[in-house]
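Accompanying notes for the structure given below.
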Amino acid sequence: MLGWQIRKFVTQIREEGPTLALNNARRYISQFWTHVPYDLRHYYTKSTHRVLDEEWDNLIILDSARFDIFREINFVDGKLSKKISAGTWSRPFLRRNFGGENLQDTVYIGANPYMKQIDYSGFHAVHLIFGNEGFDSHAVHPEVLFSKVEDLIKNYQDKRIIVHFMQPHTPHFTQVARSLDVGV
1 MLGWQIRKFV TQIREEGPTL ALNNARRYIS QFWTHVPYDL RHYYTKSTHR
51 VLDEEWDNLI ILDSARFDIF REINFVDGKL SKKISAGTWS RPFLRRNFGG
101 ENLQDTVYIG ANPYMKQIDY SGFHAVHLIF GNEGFDSHAV HPEVLFSKVE
151 DLIKNYQDKR IIVHFMQPHT PHFTQVARSL DVGV
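Here the sequence shown is numbered in my numbering, starting from 1 and rising by one per residue.
Right, here's the structure in full:
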């Protein structure tokens with residue numbers, strides 16, 4: 001897990017200088033320590049929501065999408081409602097929603113590196129899409145993931161499908177998005 005972060009840190013030092021790299025490292029550590037207490041507090045409340053508690057055929061996860069922004073741009077027909085997630089960052093979200101579950105009717109396709117750290121043996125199939133396609137060694141551009149999904153789902157027409165996009169999560173892919181430092 002830590003390997004790609006160290007490689008990215010070294011690359012940032014080389015390409016952007018030590019000041020920016022250290023600022024990014026401080027921000028990452030700060031975000032981690034912000035999530036941990038919040039995650040622990042919400043995990044032990046009854047207000048959290050597991051996605052497996054809902055009925056669905058296809059689940060599209062937009063990692064780190066803000067509900068208020070999504071509500072404004074949503075064009076999908078149907079009922080949209082806000083739920084408190086069973087995990088506030090990837091590892092607990094994946095573990096609490098899918099880890100160790102019997103999901104033989106379900107296929108997971110995604111680019112979330114934390115998926116490798118949970119027991120996903122209960123899925124019918126898992127396709128983890130990684131590589132340096134589209135951005136860097138740990139991020140896959142959404143268009144690349146979508147293309148892979150289009151190819152893969154043909155083989156699983158009788159299965160439920162989970163597609164886990166890491167965007168709008170960082171890293172951002174446009175120059176404008178990268179230039180906005182909003183501390184998210």
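Ideal placement from N, C-alpha and C gives every residue a C-beta, glycine not left out.
- Counting only runs of 3+ residues, the beta strand (DSSP E) found wholly inside the segment 100 to 129 occupies 103 to 110 and 123 to 128, in chain order.
- Assignment of Arg26 by DSSP, reduced to helix, strand and coil, places it in the helix class.
- In the structure shown, the three-state DSSP call for Leu59 is strand.
- Taking C-alpha positions only, Val10 is separated from Ser85 by approximately 33 Å.
- A straight line joining the alpha-carbon of Gln12 with that of Pro113 spans about 20 Å.
- For Ser85, the pairing in a beta bridge is given by DSSP as His49.
- Going by beta carbons, Ile129 and Asn58 fall outside the 9 Å limit.
- Beyond the five residues adjoining it in sequence on each side, Arg71 comes within less than 7 Å, by CB distance, of Leu80 in the same chain, given in chain order.
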